[in-house]
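Asks: Mind having a look at this structure? Questions to follow.
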Amino acid sequence: MLSKLFLAAAIGLAAVNAQSTGFQFQDTYPEGYVVPTPKAEWLELISNATITNAPIIKTNAAGELLQPTDVTGDPNCVWTFTQCFGPDDLHTCPPRQWTISFDDGPSEYTPKLLDYLKSINKKVTFFVVGTQVVQFPETLKRAYDEGHEIAMHSWSHSFMTTLTNEQLVGELKWTEQAIKEVIGVSPKYFRPPFGNIDNRVRDICKALGFTPVIWSVDTNDWYLNEHADTFSIDYIMGNATEWASTATTQGGNSLSHDLYNVTVDAALEYIPILNKAFELKTVGECNNQLSYKEGAGNGNVTTPSASASSSGADASSTVSAQDADKDESSATRILASGFIGFALAGAAAFLTA
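The opening position of the sequence shown corresponds to residue 812 in the numbering used here, with each subsequent residue numbered one higher.
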């Protein structure tokens, strides 16, 4: 457990590192990394939707999801518990194709990744957090302008199945609005933090026009930041080599992060392995779908056709978010960034709590 002093310092440091930008947002956005209240008009979008009556999942004192004990099996298809996919969920690519996806940005380290990707002329998918978008709008705009696919990763980075329907609308719509203010189009894809999604969350996503995206393999790159004494990049390199060896029979979608310097540095090491074995594509490209609600946006996909969907691949290739993606529940990750306006005040308040 991190000390209060360390956490307060992390909040203050995040404020200092926020991007100095001339970009002016037209709306006033909610507090960062806090579940936001939706606008009233957004709730109308789900008023006539058919939404699964799944229970709101609880957490324990440590913030971990509690699997319901009063049901048999997984009637609500909770990916976090059983790696169950809904009929519209995307998570991989066809053989010989691969999506390298990055969560939790944009951050101060994303430009280094963009520089490298530009040098090899390859595109990736960024699942961005709304709070980070408001901090680093120019970095997001650059990623979009250079042809990368922009998708959503919520506003507060919470477990989605622990939120009410109204809170879910706030998470999705505030993030969508911030992204659209910056790049001019609305993302279609949404990756739930920790892969935490059930049929209720899926139904709300569908009503709002979003498609869920999970992943097929996890780089576990977050260990490089939080377990540097025991985890080596050799583990990631070995896995990337193994994934590359299967290119003729399967594709994939790997989960990575651009929030930390060390994870971006790692990406520059393993991307060449995947690039050599696979044709690197965005989520939309490898699923032959448009990336944005308005159409192709900056992408290369313009005319989707009926092709084999990657949503039905073998779930055994996935990694449990509860076990393998715990980085996204750590205090370091949650407090990695915050708005300048509230971060310093939050640090002072935290020290007196």
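Positions of the beta carbon are idealized from the N, C-alpha and C atoms, including for glycine. Only a predicted model underlies this, so the values are computations on that prediction, with no experimental measurement involved.
So, is Q830 buried or exposed, given that buried needs 16 or more other C-beta atoms within 10 angstroms?
Replies: Locating residue 830 in the sequence shown gives position 19, counting from the first residue. Per the 10 Å Cβ criterion, buried.
Asks: Could you name each continuous alpha helix (DSSP H) segment of 4 residues or more that falls completely within the stretch 848–913, going from the start of the chain to the end?
Replies: Entirely contained in the stretch 848–913, the alpha helix (DSSP H) runs reaching 4 residues are, in chain order, 851–854, 890–893.
Asks: Our contact map puts I990 next to V1024 with C-beta atoms below 8 Å; I'd like the distance itself, whole angstroms only.
Replies: In the sequence shown, residue 990 corresponds to position 179, counting from 1. In the sequence shown, residue 1024 corresponds to position 213, counting from 1. Not a contact, Cβ separation roughly 15 Å.
Asks: Alpha carbon to alpha carbon, how far is A1154 from T921?
Replies: Start at 1 with the first residue of the sequence shown, and residue 1154 comes out as number 343. Start at 1 with the first residue of the sequence shown, and residue 921 comes out as number 110. Its pLDDT being 42, under 50, A1154 is placed unreliably in this model, and the value from its coordinates should be taken loosely. Going by the C-alpha atoms only, they are around 21 Å apart.
Asks: Leaving aside the five residues before and after Q978 along the sequence, list all residues of the same chain whose C-beta is less than 6 Å from its C-beta, in chain order.
Replies: Numbered from its first residue, the sequence shown carries residue 978 at position 167. V846.
Asks: Could you tell me the distance, in whole angstroms, from the CA atom of A872 to the CA atom of Q878?
Replies: In the sequence shown, residue 872 corresponds to position 61, counting from 1. In the sequence shown, residue 878 corresponds to position 67, counting from 1. Their Cα atoms are separated by approximately 14 Å.
Asks: Does any C-beta atom of chain C lie closer than 9 Å to the C-beta of V996?
Replies: The chain inventory of the structure shown lacks chain C, comprising one protein chain alone.
Asks: If you drop the 5 nearest sequence neighbours on each side, which residues of the same chain put their C-beta closer than 8 Å to that of K952?
Replies: Counting from 1 along the sequence shown, the entry for residue 952 is found at position 141. Hits under 8 Å: F834, V993, I994.
Asks: Below 8 Å on the Cβ atoms is my guess for F1001 versus L974; work out the distance and round it to an integer in Å.
Replies: As a working note, residue 1001 is residue 190 in the sequence shown. As a working note, residue 974 is residue 163 in the sequence shown. The Cβ separation is near 14 Å, so there is no contact.
Asks: Assuming S930 is part of the beta strand (DSSP E), what are its boundary residues?
Replies: Indexing the sequence shown from 1 puts residue 930 at position 119. No beta strand (DSSP E) contains S930, which is instead part of the alpha helix (DSSP H) from 921–931.
Asks: Starting from the Cα of I961, find the closest Cα among D885, P905, E987, H968 and give me that residue.
Replies: For the purposes of this step, residue 961 is identified with residue 150 of the sequence shown, where counting begins at 1. Of D885, P905, E987, H968, the residue nearest in Cα terms is E987.
Asks: Out of I868, E1037, W1054, which has the shortest C-alpha to C-alpha gap to D881?
Replies: What you label residue 881 is simply residue 70 of the sequence shown in a count that begins at 1. With distances taken between Cα atoms, D881 lies closest to I868.
Asks: For Q908, tell me which candidate among K1104, Q1100, E1105, L1091 has the shortest Cα-Cα distance.
Replies: Here the question's residue 908 lines up with position 97 in the sequence shown. Q908 has its Cα closest to that of L1091, out of K1104, Q1100, E1105, L1091.
Asks: Tell me whether V1073 sits in a helix, a strand or coil according to DSSP, three-state version.
Replies: Against the sequence shown, residue 1073 aligns to sequence position 262. Of the three classes helix, strand and coil, the one that applies to V1073 here is helix, per DSSP.
Asks: Given a cut-off of 9 Å, decide if K933 and V1175 are closer than it, judged by their beta-carbon atoms.
Replies: Outside the modelled stretch of the chain, which goes from 812 to 1164, sits residue 1175, for which no answer is possible.
Asks: May I ask which residues mark the beginning and end of the beta strand (DSSP E) holding T986?
Replies: Stepping through the sequence shown from its first residue, residue 986 is reached at position 175. No beta strand (DSSP E) contains T986, which is instead part of the alpha helix (DSSP H) from 976–994.
Asks: Taking the beta strand (DSSP E) that N1064 belongs to, which residues open and close that run?
Replies: Taking the first residue of the sequence shown as 1, we reach residue 1064 at position 253. Here the beta strand (DSSP E) through N1064 covers 1063–1068.
Asks: Starting from V1012, trace the beta strand (DSSP E) both ways and give me its first and last residue.
Replies: The residue labelled residue 1012 in the question sits at position 201 within the sequence shown. Not the beta strand (DSSP E): V1012 falls in the alpha helix (DSSP H), residues 1010–1019.
Asks: Let me check understanding here. Comparing Cα to Cα, which of A1055, L1070, P898 lies closest to P1083?
Replies: The residue given as residue 1083 occupies position 272 in the sequence shown. Taking only the C-alpha atoms, the option nearest P1083 is A1055.
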